[in-house]
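Undergrad:
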Amino acid sequence: MDTRTEVLVQEAMNALRAERTSFVIAHRLSTIRDADVILVMEEGDIVEQGSHEKLVARGGAYARLNAAQFGEES
Numbered sequence: 006m007d008t009r010t011e012v013l014v015q016e017a018m019n020a021l022r023a024e025r026t027s028f029v030i031a032h033r034l035s036t037i038r039d040a041d042v043i044l045v046m047e048e049g050d051i052v053e054q055g056s057h058e059k060l061v062a063r064g065g066a067y068a069r070l071n072a073a074q075f076g077e078e079s
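Residue numbers (our numbering): 6 to 79.
1. Check V52 in the structure and name its three-state DSSP category.
2. Exposed or buried, what is S79 when buried is set at 16 or more other beta-carbons lying within 10 Å of its beta-carbon?
3. How big is the Cα-Cα spacing for L41 and E58?
4. Would you tell me roughly how many angstroms separate the C-alpha atoms of N71 and A20, rounded to the nearest one?
5. Do Q74 and L34 have their CB atoms nearer than 8 Å?
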């Protein structure tokens, strides 16, 4: 999906999830970046949890995924 379409889909998903509890499974970190809590899984185990900012600062698995997808910290 192109960037413009991805932004439109993300905005629609955000509107639908407002004031609701939802679970989102994603490979693209842009999809989950604004989540209240992100769970990071490796080989079926939860290895980290927290907000985007906290997980990037921690420098673990999520930070490595973030760097791979976006370059330096975004």
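Each residue gets a CB set at the ideal place from its N, CA and C atoms; glycine is no exception.
TA: Taking the geometry as given:
1. Translated into the one-based positions of the sequence shown, residue 52 becomes position 47. V52: strand per DSSP, three-state reduction.
2. Translated into the one-based positions of the sequence shown, residue 79 becomes position 74. Here the model assigns S79 a pLDDT of 46, short of 50, so the residue's position is not dependable and the matter cannot be decided.
3. On the sequence shown, residue 41 is found 36 positions in, with the first residue counted as 1. On the sequence shown, residue 58 is found 53 positions in, with the first residue counted as 1. First, the residue type needs correcting, since residue 41 is Asp and not Leu in the sequence shown. Note on geometry: alpha-carbon atoms of D41 and E58 lie some 11 Å from one another.
4. The residue labelled residue 71 in the question sits at position 66 within the sequence shown. The residue labelled residue 20 in the question sits at position 15 within the sequence shown. Computed Cα separation, rounded: 24 Å.
5. In the sequence shown, the residue the question calls residue 74 occupies position 69. In the sequence shown, the residue the question calls residue 34 occupies position 29. Using a Cβ distance threshold of 8 Å, Q74 and L34 count as a contacting pair.
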